[in-house]
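One structure below.
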Amino acid sequence: MKEKLKVCWISAGVSSFIAGYLAENVDEFIYIDIENQHSDSMRFIKDCEKVLRKPIQILKSNYGSTQNVIKQFRFINGIHGAKCTEVLKKRVRKEWEYEHRDYDITYVWGFDFNERNRADRLLESMPQFEHEFPLIDKMLSKSDAHGILDNLGIKRPLMYDLGYSNNNCIGCVKGGMGYWNKIRVDFPEVFDCMAKLEREVGHSCINGVYLDELDPNRGRVEDEVMPDCSIMCHLAI
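Using our numbering, the first residue of the sequence shown is number 202, and each one after it goes up by one.
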């Protein structure tokens, strides 16, 4: 009989941490670090460790950053998702799974009560593992998760306070016009770097328009559904 192992993948977002906090008997907490994350994300991970009283294992792809992936594969985003998510997150997880293939694994995920359909799709796509969804089981929303975090005395990642709905990479390739115009204001160097990279590879983040042609007044970030660019996002497709 295989040894059991319960694992929570923490994305540096609030929901995934709270799911791990609420779950019982988690053996390993894992965070996949990407160079494009805001530097405050690592502060958040360290604060989570203190509350969990367990170390959070940090994994990282050899590619390091979104820009390195785009330059190597000359592809940004498509109907099957972003290449950076596949390479920087999915591949890292698959490599970890292969190294732990002799274990009977249960995964803890941070889908909230309003994401039950995504949880259902994950169950269909990964039947070889057991899965737990603490936020769904307790009927908790994303707002509830933020409230619990506040009660724990942990400051949420800075990207939330800047007005972003998720603590994704700075300059997430899945963002819309409003999102990228906000990045233009908050992180102009990131905007300019991606605009130049789009031209270099001949593909754009936003379907039909390159960033260097984007009208600064287009889009409203509050009207856009910004996916949580985590392992969960990729698995639920």
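Glycine included, C-beta positions come from ideal geometry on N, C-alpha and C.
With H, G and I counted as helix, E and B as strand and the rest as coil, what does DSSP make of residue i?
i, result
"Val374", "coil"
"Ala224", "coil"
"Glu399", "helix"
"Gly409", "coil"
"Phe330", "coil"
"Phe388", "coil"
"Phe230", "strand"
"Ile219", "helix"
"Tyr265", "Tyr is not the amino acid found at residue 265; the sequence shown has Gly there. Here Gly265 sits in coil by DSSP."
Terminal residues of the continuous beta strand (DSSP E) containing residue i?
i, result
"Trp210", "204-211"
"Gln258", "257-260"
"Glu236", "Unbroken run through Glu236: none, as it is neither H nor E."
Under a Cβ-count criterion, where at least 16 other Cβ atoms within 10 Å of its own Cβ denotes burial, should residue i be classed as buried or exposed?
i, result
"Asp303", "exposed"
"Phe230", "buried"
"Phe334", "buried"
"Gly221", "buried"
"Ser326", "exposed"
"His239", "buried"
"Tyr365", "buried"
"Ser344", "exposed"
Mind reading off the beta-carbon distance from residue i to residue j? Whole number of angstroms is fine, and I expect it under 8 Å.
i, j, result
"Asp228", "Val208", "7 Å"
"Ala346", "Ile219", "4 Å"
"Arg357", "Val215", "6 Å"
Span of the alpha helix (DSSP H) holding residue i?
i, result
"Leu350", "343-352"
"Val309", "Unbroken run through Val309 is the beta strand (DSSP E), 304-309; no alpha helix (DSSP H)."
"Tyr361", "359-362"
"Phe245", "241-253"
"Phe276", "First-last for Phe276: undefined, no H or E at that position."
"Pro417", "No alpha helix (DSSP H) holds Pro417; DSSP gives it neither H nor E."
"Tyr299", "292-300"
"Asp313", "Unbroken run through Asp313: none, as it is neither H nor E."
"Ile337", "335-338"
Answer with yes or no whether the minimum CB distance from residue i to chain C is below 9 Å.
i, result
"Cys394", "This model lacks chain C altogether, as it is built from one protein chain only."
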